[in-house]
Structure formats: structure tokens, C-alpha cells
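Note sheet for the following structure.
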Amino acid sequence: MSVQDNVVFILEVIGTVAFAVSGALVGIQKSMDIFGVCVLGVITAVGGGAVRDIVVGIIPPNVFRNPVYATVAVLVSCLVFGVMYFRQSLSSERLGKLYDGAMMLMDAVGLGIFTVVGVNAGLQQGYGDNAFLLIFTGTVTGVGGGLLRDVMAGVPPYIFVRHIYACASIAGAVACTALYSVTGMTAAMFAGVMLVLVIRCLASHYRWNLPRISLENE
Amino acid sequence: MSVQDNVVFILEVIGTVAFAVSGALVGIQKSMDIFGVCVLGVITAVGGGAVRDIVVGIIPPNVFRNPVYATVAVLVSCLVFGVMYFRQSLSSERLGKLYDGAMMLMDAVGLGIFTVVGVNAGLQQGYGDNAFLLIFTGTVTGVGGGLLRDVMAGVPPYIFVRHIYACASIAGAVACTALYSVTGMTAAMFAGVMLVLVIRCLASHYRWNLPRISLENE
Amino acid sequence: MSVQDNVVFILEVIGTVAFAVSGALVGIQKSMDIFGVCVLGVITAVGGGAVRDIVVGIIPPNVFRNPVYATVAVLVSCLVFGVMYFRQSLSSERLGKLYDGAMMLMDAVGLGIFTVVGVNAGLQQGYGDNAFLLIFTGTVTGVGGGLLRDVMAGVPPYIFVRHIYACASIAGAVACTALYSVTGMTAAMFAGVMLVLVIRCLASHYRWNLPRISLENE
């Protein structure tokens, strides 16, 4: 493996861990048992990548060929379950804050990493001349895992209710696509991840508000 | 591009506009902000086509290669959001009626167009000798976008609760498949779209009722 | 067709019937009309197989090429609707018990059969040297139909709330993968199906409980 392959692999593992944590947390909040929590962790962690691979024509998807992603996701989900199990004594208020913060951060890390990994996968498959495809594939890969997680768990998807979620992913994908020919892929990927993280954290911290329509007839 | 390619492209753009409007309207009713509304508009507009392309083996799907569909969907979603934003002053009753009528019509137009476009995609990929595949692909393409929209937004899917929804799509796909060798594809597609529209409008206007089981133990 | 092809085909038809029944029952419980019930029956019955085919590279998926699966699913769904329609006179308590039992059994049969059919599809596509892929493909095929059914119908997915659901499928896939080179595929598939059925029935009968976290702040 080249240096860049290693960078991509390490990023993917970190993203898998982050998304598995977010999936496990949602499962715990929905009162699922430990198996349900693991399943949701795995779906969140491998879902985005599976969709990406099918879309760019890597069949069977990589997550089906290489057991490392599913294994990591199961281990992480069990770990999260164990930690939360022994934290039940915490006051509910502190737990709620911990939960919200952990969800936001883990989801943002997964979003950023899978976005740039998606751009990279499009490039590897030879679509470097189609910037739109790279950006769209990056965004679908980034938001896919979290969207599957929320739809399966029956909670309102993050992407529709959180501040500037899809936009952060698009911004990261655009940055990565624009930079890779100048800075090399490794630097472009880091820049993309950082941009997504910064946008999501700022939007979450300052609770950027966007126009919304309140229909009276509801 | 041949004349027929142009017809297909124009139909696809009209269908994209119609489904984007329906997605944006659902997003607005679920009190999403403008970004959420755009995301739901795009998912509804490109979802059916993406599923169709993966199913018939066009990979990456056309919507990933050609930015026109996503761009149109974003613009239309923003426009719908803008119009509704300045219509908040309307009485809630009139708004509710407007909403229901607009949803029904836009959804029916998208359903009809994507159904025949799906049949056409199956033909282009060389499955003309398998009428079942053409009809099934047409139906999946037609109902796919709306199904994704409703599942993501957490509302009961149109396809399960509306009068004769999947049946209208199947009827349109059958008509298009049966006619194309006789009348040519362009006429067959128009006939299919019209049939879907007429069936949906009649079913909606006369509120055709179908047997339903009321379980007492619920 | 060889003997083994016949065995696979017969298993698939039985699995299609079982999943169609489970889909129709969920549709009836959600008060869908007869068309909605049929659509949900078809989605449940062909969903898992369609996902499996796309994942292992059989494009278009077999369910799009061969009308027998969708036809069987429609007929079975109508039959279930008809039977339940004339059973409305039953006391609600007896109906509730009948419903729960039928759902559990039909879902378990479908789960078991589609799991081993998924393993077999991976083998047929030449991935016999990758046990992880076989097991993962089997599990995705097994749980896919029921997951689609529950997400579409807006009920909490079986896989997250039922006792040892994904685990039963994984166990069946592992058994089938481990045995086929020793016992031949036919025996391995039967062993896999039986294992899934036994695990699910035991778990359901004895209501095996798994650790679960009750968050106070909900």
C-alpha cells in the first residue's frame, strides 16, 4: 500500500469508529438491547460506504469484502453500550448534555471523513474529470450513514433538522475536489475534514438559525 | 441527440421539477429549514432515477454524472420555499387546500413521467424482450422518489395510503410497454403519462374507496 | 436445472410466500387498503433478494427478470387480505394472538431461507474463498426484506426490538458457510434454515432478555 492508501485506510477506520459510536448512542436512546445497538452501529458505520461503492461501481462493496469495518463497528458499539451501562448512575441532566455533545462530535467526524473518502473513491474509479460526480459522491457517502441510522431508528434525520448539515458536507467535498490537484490528495482530504468539522461545530455552537416556515394549519 | 432523446430529456426535467416541488412541500409541512427543504427536494427528484439506473446497470447513475437534475431540484426547492414564505399570510384553510391540490398534482406528474422514463431506460439497456422487467423497472422508477421522500420525512408513504397509487404507475408502465412497438416510443410515453395522470386524478377526485380491514384489537 | 438449482428455487418461493405473508400482515395492522397491503407484501418478499443481487453484482436483480416472485407475493398478499377480511368477527384477543404467532413464524421462515439463499448467491458469484463476504451477504439478504417492510410501514424494525434477530441470521449464515464444503450445499442450506428457525422460536418462546439501558432523561 502506498502512503496515501494508508492515510485513506486510517481515515476510514476513524470514521467507522465515529459513526459506530453515533449509531450506538441513538440505539441506546431508543432503548434497544445490546444486539439492536450493535446492528445500528454497524449500519451507520458501513452504510455510507456501501452506498458509495454501489454508486461508483465497486461491486461487491468493500465493506462486504473486508471484515475490518464491521468488526470495528461491533466492538465499538459494545464498548459504548458497556460505558453507558455503568454510567446510568449519572444525573439525567448531565447524561443528556454528554449525549448531545458526543453525538454532535462523533457525527461530525464521521460526516467529514466519509465525505472526503467518497471524493477519493470517485477519483480512484477514474471520474477525476467530473467534479460534480466527485462532490455528489462525497456528499452521498458522508450523509448516507447518518441518514440510514436515523431512518432505521425512526428519529427525525439529522440532515433535515440540524444546522447546516448537508451544506457542511458539500463544502468539504468542494474543498477536497478543488484542492487535490494542487496540494495532493492527503492534504486535500485533511482540509476537507477540517472544514466540515469547523462548519458543524460553529453552526452547532452558535445555533445558526435558518429561515423556516411555520404553517398555521398544522 | 435524436428527437426521442430530446423528448426523454425534457420529460425528465419536467418530472424532476414536479418531484422537487412535492419534496419541498413535504419538507415545509414538516417545519424543516430551507436546507432541509432543498435536501428533501433533491432526494425526491433524483432518488427514483438513481434507483432505476443502479437496477438496470447504469453505474454511476446518470444523476451523479449530469448536474442538471440536482441543480434544477435545488432551484425549484428554493423557489417553492420562497413562495410559501410570502404566503404565510393566507388563511390556514385556503393554504391547506392549496397544499393538498399542489401535492397531488405534482406527485402525479412526477409519478407518470418517471414511470415511462423507467420503461425507456430498460429498453435502452436492451431488455426489450422482457416485458416484466420493463414494467417493474418503470414502476420502481415511478414510485421510488416519492417513497424515499415520505420515508425520510417520516410521513406515511403516499404509496400505501393514497387511492390507487402503485396501480396507476403499473397501468402507465403496461400501456407504454404495450404501445411502443406500435406507435413509437414518443407516443407511447405520452400515452403512459396521460394514463397515470387520469387514473390518479379520477381516484383522488372521486375518492375511490378500496376494502380495508379495521382490526378491533388496535 | 440441476437438483441444487431446484432446491434453491423451491426455497426461494417458500421464503417469498413467508415474507409476503408477514408484509401483508403488517400492512393490515397499519389499516392499509388492499393495494397498500399488496405493495408491502411485494416489497418485503423481493426486497432482500434485490439488495443481495445488487451487492454481489447480479444486475438487473433476478426479481426484475423473473416475474414469478412478484406474482407469488401479490397472490399471497391478496389471499392474506381475504382471510383476515372474513375473520374480523373473531374476538380481538384471539386475533391478536393469532397475529403475533403468524408474524413470528412467517418472519422466521423468511429470515432463515433468505439467509442461506444469500450465502448461496455469494458462492455462485465465485466468492467462495471469502467467508466474511458469504456470511455478510447472507445476513443482509435475510434481514433486508423485513427491515424494508418495517421502515416503509413506519413500525419499529423487528431487527432492533425482537430477541436475537440479527444473531439468528448470522448463526444460520455461519453454519451454512461452514458446512457446504463438507455436506454439500443442499444439506448446508437446510441446516442453516433450521438453525435460524430454532434460535428464533426459542428466543421468542422463552423471551430471552438481553441487557438494555433505561435512560432516565427521556
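Those protein sequences? They're chains A, B and C, same order as listed.
Residues in the first sequence are numbered consecutively from 0, following our numbering.
Residues in the second sequence are numbered consecutively from 0, following our numbering.
Residues in the third sequence are numbered consecutively from 0, following our numbering.
All residues carry an ideal CB built from backbone N, CA and C; glycine is no exception.
Neighbour list for residue i in chain A, Cβ cutoff strictly below 7 Å
i      : result
P66(B) : F131
Bounding residues of the alpha helix (DSSP H) (the contiguous stretch that carries residue i)
i       : result
Y157(A) : 157-160
L147(C) : 130-152
Y205(C) : Segment: none, Y205(C) is in no alpha helix (DSSP H) and carries neither H nor E.
F8(A)   : 2-28
Y164(C) : 164-182
N61(B)  : 61-64
D52(B)  : 33-55
L78(A)  : 67-84
Residue environment, residue i, which counts as buried when at least 16 other CB atoms sit within 10 Å
i       : result
P210(C) : exposed
Y164(B) : buried
Y157(B) : buried
N119(C) : buried
Q3(C)   : exposed
F159(A) : buried
S180(C) : exposed
G81(A)  : exposed
T70(B)  : exposed
G48(C)  : buried
G14(B)  : buried
S76(B)  : buried
D32(B)  : buried
D106(A) : buried
Y205(A) : exposed
S1(A)   : exposed
I42(C)  : buried
T176(A) : buried
I169(C) : buried
Y84(C)  : exposed
G125(A) : exposed
R86(A)  : exposed
R93(C)  : exposed
Chain-ordered chain C contacts of residue i [CB-CB under 7 Å]
i       : result
C166(B) : F34
V38(A)  : I158, F159, A165
F63(A)  : V54, L132, F135, T136
Where residue i meets chain A, residues with beta-carbon distance less than 9 Å
i       : result
L194(C) : Going along chain A, no residue has its Cβ under 9 Å from L194(C), so there is no contact; the nearest lies around 17 Å.
Amino acids of chain A, ordered along the chain, whose beta-carbon sits closer than 8 Å to that of residue i
i      : result
I53(C) : I53, I58
Beta-carbon neighbours of residue i, restricted to chain C and to distances below 8 Å
i      : result
F18(A) : What F18(A) touches in chain C: nothing, since even the nearest Cβ is about 17 Å away.
Partner residues on chain B for residue i, Cβ-Cβ distance less than 9 Å
i       : result
A218(C) : This structure gives no information on residue 218(C), because the portion of chain C shown stretches from 0 to 217.
Query raised in the report: Mind listing which residues of the segment 109-126 of chain B have their C-beta closer than 9 Å to chain C's C-betas, in chain order?
Result: G121, Q124, Y126
Query raised in the report: Taking three-plus beta-carbon pairs below 8 Å as touching, is the segment 131-149 of chain B in contact with the segment 92-102 of chain B?
Result: no
Query raised in the report: Using a beta-carbon distance cut-off of less than 9 Å, what residues from the segment 136-152 of chain A approach chain C?
Result: V150, M151, A152
Query raised in the report: Taking one C-beta from the segment 111-120 of chain C and one from the segment 23-30 of chain C each time, how about it: are there three or more such pairs within less than 8 Å?
Result: The segment 111-120 of chain C, when compared against the segment 23-30 of chain C, does not touch it at the 8 Å Cβ threshold.
Report task. Evaluate the contact criterion for the segment 139-154 of chain A versus the segment 24-41 of chain A: three or more CB pairs, one atom per stretch, below 8 Å. Result -> yes
Report task. Below 7 Å between beta carbons is the criterion; list the residues of the segment 202-213 of chain C that meet it against any residue of chain A, in chain order. Result -> Those would be L209, P210, R211, I212, S213, in chain order.
Query - Short-range partners of chain A found in the segment 20-31 of chain B, where Cβ spacing is below 9 Å - result: G26, I27, Q28, K29, S30, M31
Query raised in the report: Okay, do the segment 183-192 of chain B and the segment 51-65 of chain B touch, 3+ Cβ pairs below 8 Å being the bar?
Result: no
**Report entry** Three CB pairs or more closer than 8 Å across the segment 196-203 of chain A and the segment 62-78 of chain B
**Finding:** no
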